[in-house]
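Take a look at the structure below.
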Amino acid sequence: MELKDIKAVYFVGAGGIGMSAIARYFINKGLVVAGYDKTPSALTQRLEKEGMLVHYEENIDEIPHACKKPESTLVIFTPAIPESHQELTYFRQNGFEVQKRAQVLGTLTRSHKGLCVAGTHGKTTTSTMCAHIMHQSHVDCNAFLGGISKNYGTNYILSDSEYVVIEADEFDRSFHWLSPWISVITSTDPDHLDIYGTKEAYLESFRHYTELIQPGGALILRKDLEMKQHVAEGVKVYEYSLDEGDFHAENIRIDNGEITFDFVSPIENVKDVQLGQPVPINIENGIAAMAMAQLSGCSAQELKYGMSTYHGVERRFDFKIKNDKLVFLSDYAHHPKEIYQSAKSIRELYKDRKITAIFQPHLYTRTRDFYSEFADALSLLDEVILCDIYPARELPIEGVTSQLIYDSLKPGVQKSMIHKEDVLALVKERDFDVLIVLGAGDLDNYVPQMTKILENK
Numbered sequence: 007m008e009l010k011d012i013k014a015v016y017f018v019g020a021g022g023i024g025m026s027a028i029a030r031y032f033i034n035k036g037l038v039v040a041g042y043d044k045t046p047s048a049l050t051q052r053l054e055k056e057g058m059l060v061h062y063e064e065n066i067d068e069i070p071h072a073c074k075k076p077e078s079t080l081v082i083f084t085p086a087i088p089e090s091h092q093e094l095t096y097f098r099q100n101g102f103e104v105q106k107r108a109q110v111l112g113t114l115t116r117s118h119k120g121l122c123v124a125g126t127h128g129k130t131t132t133s134t135m136c137a138h139i140m141h142q143s144h145v146d147c148n149a150f151l152g153g154i155s156k157n158y159g160t161n162y163i164l165s166d167s168e169y170v171v172i173e174a175d176e177f178d179r180s181f182h183w184l185s186p187w188i189s190v191i192t193s194t195d196p197d198h199l200d201i202y203g204t205k206e207a208y209l210e211s212f213r214h215y216t217e218l219i220q221p222g223g224a225l226i227l228r229k230d231l232e233m234k235q236h237v238a239e240g241v242k243v244y245e246y247s248l249d250e251g252d253f254h255a256e257n258i259r260i261d262n263g264e265i266t267f268d269f270v271s272p273i274e275n276v277k278d279v280q281l282g283q284p285v286p287i288n289i290e291n292g293i294a295a296m297a298m299a300q301l302s303g304c305s306a307q308e309l310k311y312g313m314s315t316y317h318g319v320e321r322r323f324d325f326k327i328k329n330d331k332l333v334f335l336s337d338y339a340h341h342p343k344e345i346y347q348s349a350k351s352i353r354e355l356y357k358d359r360k361i362t363a364i365f366q367p368h369l370y371t372r373t374r375d376f377y378s379e380f381a382d383a384l385s386l387l388d389e390v391i392l393c394d395i396y397p398a399r400e401l402p403i404e405g406v407t408s409q410l411i412y413d414s415l416k417p418g419v420q421k422s423m424i425h426k427e428d429v430l431a432l433v434k435e436r437d438f439d440v441l442i443v444l445g446a447g448d449l450d451n452y453v454p455q456m457t458k459i460l461e462n463k
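The opening residue of the sequence shown carries number 7 in the numbering used here; numbering runs sequentially from there.
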């Protein structure tokens, strides 16, 4: 089905961050947009306000009439939806065009120059940084992001530019549908082993992804990744890192809450780049974002302006309160390496203050596979409060609970366990110095109330 033939779009699993960006794209195009999700959320409520019809009961009768025409309806589903889902089964049995979200993004990368950011960690921040730099430059871009940009209050940007910035998700091998013009790969630490089975299969998936970059384009690899690239003839390969590679930083200055550095590039060096969101981990993310934007035609001045005016992504080192008495923030980190980077960054920023984390592990399989690594990363902090595991798409696994992480925390770390429903009472009772909420589950739903309680103390 060609995009021009589509009159209605139906989403099975409408509330995911990536799905909602595509929903916004089609709403903006003036099509009928509707869908199902398991539970209401801030995202689905925003979509409803923007004109999408969303229901929360698995029921064929709830599908709008305009979305029941196979010749003009595109159905998009998320891999998190079970194959047995009634609505998905209905569409498949009745001749509808049914595609994964990644297939739709793949179509967009074939009709635009795709700037794709892949990797276990850093995808969302790097792609959102790049999109902001590009959007405020003379080059401009479209963007489908994996988080809500704090600059724009949305996870998608629409323009007439030939470029589209896309977060390339390795889950379920989704990024194999893409045809990148330029791609960054930030990291390849094994994850989603419930899907891939082995570390080798995970790395092979990234190697195959590099084959998809179009001739004439470029691959920007973080230096010292385990994976082997296999690009087509005519694809340039660059390396980047914090302090080495074709693209890197020099003369890093962290002073009084501000971060400034010099960007070293084979194209043109840029002096005195200031981070608009001054978090140490964002130096390396920023190098990758600037490399991609520079290769796409952004000037040195546009790179500097974009970086200095970048405000971050919701749930990515997202400061809610920041003063001399209290620092409170939330972060989406849910893999041990992400937890480590977040803990390291916050420790660098607040060396002499007591740092407490409330962590909700995400997925039973990830907890089973990495509980020791989670404990090591969390042990960088002074106090760890563990919630129950957020299951997402999974069923419980016998013997796999947050207790595994609790028991593996290093001696000297103050530790406790709590049900998420009791978090608000805890925040009312306790005084904190630096408090961070970590995880990709639903604990973040409590953050607005936590913020109010802490502000009123």
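A virtual CB, placed ideally from N, CA and C, is assigned to each residue, including glycine. From a predicted model like this one, the values you see are computed outputs, not experimental measurements.
In terms of residue numbering, what span does the alpha helix (DSSP H) encompassing residue i cover?
{"i": "His214", "result": "Lys205 to Glu217"}
{"i": "Cys122", "result": "From DSSP, Cys122 is part of no alpha helix (DSSP H) but of the beta strand (DSSP E) over Lys119 to Ala124."}
{"i": "Val453", "result": "Val453 to Glu461"}
{"i": "Ala431", "result": "Val429 to Glu435"}
{"i": "Ile424", "result": "Element bounds for Ile424: n/a, residue is neither H nor E."}
{"i": "Asn34", "result": "Ile23 to Asn34"}
{"i": "Tyr202", "result": "Leu199 to Tyr202"}
{"i": "Ala312", "result": "Reading off the sequence, residue 312 comes out as Gly, not Ala. Run containing Gly312: Ala306 to Ser314, per the alpha helix (DSSP H) assignment."}
If the criterion is Cβ atoms closer than 8 Å, does the pair residue i and residue j meet it?
{"i": "His198", "j": "Lys343", "result": "no"}
{"i": "Leu441", "j": "Cys393", "result": "no"}
{"i": "Gln455", "j": "Leu430", "result": "yes"}
{"i": "Tyr16", "j": "Val110", "result": "no"}
{"i": "Ala297", "j": "Tyr346", "result": "no"}
{"i": "Leu184", "j": "Leu231", "result": "no"}
{"i": "Gly312", "j": "His61", "result": "no"}
{"i": "Phe269", "j": "Val279", "result": "yes"}
{"i": "Val190", "j": "Ile154", "result": "no"}
{"i": "Ile28", "j": "Arg98", "result": "no"}
{"i": "Val319", "j": "Ile327", "result": "no"}
{"i": "Ser26", "j": "Leu53", "result": "yes"}
{"i": "Met140", "j": "Tyr169", "result": "yes"}
{"i": "Thr192", "j": "Val123", "result": "yes"}
{"i": "Ile260", "j": "Ser351", "result": "no"}
Could you give the first and the last residue of the continuous beta strand (DSSP E) run that contains residue i?
{"i": "Gly153", "result": "Asn148 to Ser155"}
{"i": "Phe17", "result": "Ala14 to Val18"}
{"i": "Thr266", "result": "Glu264 to Val270"}
{"i": "Glu54", "result": "No beta strand (DSSP E) holds Glu54; the alpha helix (DSSP H) holding it covers Ala48 to Lys55."}
{"i": "Ile391", "result": "Glu389 to Leu392"}
{"i": "Leu410", "result": "Leu410 -> not in any beta strand (DSSP E); alpha helix (DSSP H) instead, spanning Gln409 to Ser414."}
{"i": "Arg228", "result": "Ala224 to Arg228"}
{"i": "Ile172", "result": "Tyr169 to Ala174"}
{"i": "Gly41", "result": "Val38 to Tyr42"}
Using three-state DSSP, classify residue i as helix, strand or coil.
{"i": "Gln283", "result": "coil"}
{"i": "Gln109", "result": "helix"}
{"i": "Tyr244", "result": "strand"}
{"i": "Asn4", "result": "What the structure shows of the chain is the stretch from 7 to 463, and residue 4 is not part of that stretch, so it cannot be assessed."}
{"i": "Gln142", "result": "coil"}
{"i": "Leu59", "result": "strand"}
{"i": "Ser189", "result": "strand"}
{"i": "Lys74", "result": "coil"}
{"i": "Lys277", "result": "strand"}
{"i": "Asn257", "result": "strand"}
{"i": "Gln420", "result": "strand"}
{"i": "Ala398", "result": "coil"}
{"i": "Ala446", "result": "coil"}
{"i": "Ala299", "result": "helix"}
{"i": "Leu384", "result": "helix"}
{"i": "Leu9", "result": "helix"}
{"i": "Leu114", "result": "helix"}
{"i": "Arg179", "result": "helix"}
{"i": "Arg321", "result": "coil"}
For a test of your reading of the model: does the CB of residue i fall under 7 Å from any non-hydrogen atom of the ligand COA? Yes or no.
{"i": "Glu93", "result": "As far as ligands go, the structure on display features none, and thus does not contain the ligand COA."}
Quiz item: Do the stretch 393–408 and the stretch 368–375 make contact, defined as three or more Cβ pairs closer than 8 Å?
Solution: yes
Practice problem: Report the residue ranges of all beta strand (DSSP E) runs contained in full by the stretch 76–102; include only those spanning at least 3 residues, in chain order. | Solution: 79–83
Practice problem: Evaluate the contact criterion for the stretch 209–222 versus the stretch 92–106: three or more CB pairs, one atom per stretch, below 8 Å. | Solution: no
Exercise. Could you tell me whether the stretch 113–131 touches the stretch 148–162, using the rule of 3 or more Cβ pairs below 8 Å?
Key: yes
Quiz item: In chain order, which beta strand (DSSP E) runs of at least 3 residues are fully inside the stretch 324–371?
Solution: 324–328, 333–337 and 361–365
Quiz item: Do three or more CB pairs link the stretch 333–340 to the stretch 414–424 at distances below 8 Å?
Solution: no
Quiz item: Would you call the stretch 384–401 and the stretch 347–363 in contact, with 3 or more CB pairs under 8 Å?
Solution: yes
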